[in-house]
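All remarks here apply to the structure that follows.
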Amino acid sequence: MLRLLWSIALAGIVGGALAALIQGLGMVSLSGFVAYPVAAVMGIVIGLVAGKPIWAEGARIEALLKSIFGAILATGLMFALRTWVDFDVSSLGFSETNFGLLPATAFPSIALILSLLFEVDNMFGKGEENKDKKRIATSSATNQRIETADQVEQEEASTQANGARRKR
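Sequential numbering from 1 applies to the sequence shown in my numbering.
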């Protein structure tokens, strides 16, 4: 449950920061030239830090795949918001009437969907990979040395001496 709350907070931070950046640049409404690349960047950032973050042990490939998938999915979600979601937000005090055209509504909602998706994906399957693995050798057998360096040298010297005797 705490991980889901973290992913909601992460989505608010990333989506809110991008929305504030876009509105700080003076864009009240999103054009297609701005909406899709910024959504892709947001998908990459969410993919790197949501679920199993990139700094976790053994998570670099998973984070790379999530960021690629996140960029594609965020761009698709932005298209869906701009095309099919006709939610009137003028009653909330916004000048635009389309939910997908406002950075303050579009980016945090897409970030929330991606973050929850990656977090739920990471929640399931924990511990199952270690349950099926079995150790082949015992720990005492793996730490023992078979031969010392002196024993190896003595064995090589005796083989060379036996080979020299046979040639005579």
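C-beta: ideal position from N, C-alpha, C; glycine also.
All values derive from a computational prediction rather than experimental measurement.
Less than 7 Å separates the beta-carbon of Thr75 from that of Ala40. Look at Asp121 here: in three-state DSSP terms it is helix. Considering only Glu153, Phe87, Ala80, Gln23, the residue with the shortest C-alpha distance to Ala104 is Gln23.
Of all C-beta pairs linking the region 150-160 to the region 80-95, fewer than three are shorter than 8 Å, placing the two stretches out of contact. Rounded to the nearest whole angstrom, the C-alpha separation of Leu102 and Leu77 is 14 Å. In the structure shown, Asp88 falls within a strand segment according to DSSP collapsed to helix, strand and coil. Pro53 is the residue among Ala80, Pro53, Pro108 whose C-alpha sits nearest the C-alpha of Asp121.
Pairing Ser115 with Ala11 gives a Cβ-Cβ distance under 7 Å.
For Val41, the uninterrupted alpha helix (DSSP H) run begins and ends at 32-49, by DSSP. Here Gly16 has Pro108 as same chain residues with Cβ atoms under 7 Å from its own Cβ, once five neighbours each way along the sequence are excluded.
Looking from the CA of Phe99, the closest CA among Phe69, Ser7, Val28 belongs to Val28. Its Cα nearest to that of Ala106, the residue Ala80 stands out among Leu48, Ala80, Glu119. For Asn98, the pairing in a beta bridge is given by DSSP as Asp88. With respect to Ala63, Leu48 sits close: the two C-beta atoms are nearer than 7 Å.
Comparing C-alpha distances from Ala71 to each of Met42, Ala157, Leu92 shows the shortest one belongs to Met42.
In the same chain as Ser67, and ignoring 5 residues on each side of it, the C-beta atoms closer than 6 Å to its own belong to Ile44, Gly47, Leu48, in chain order.
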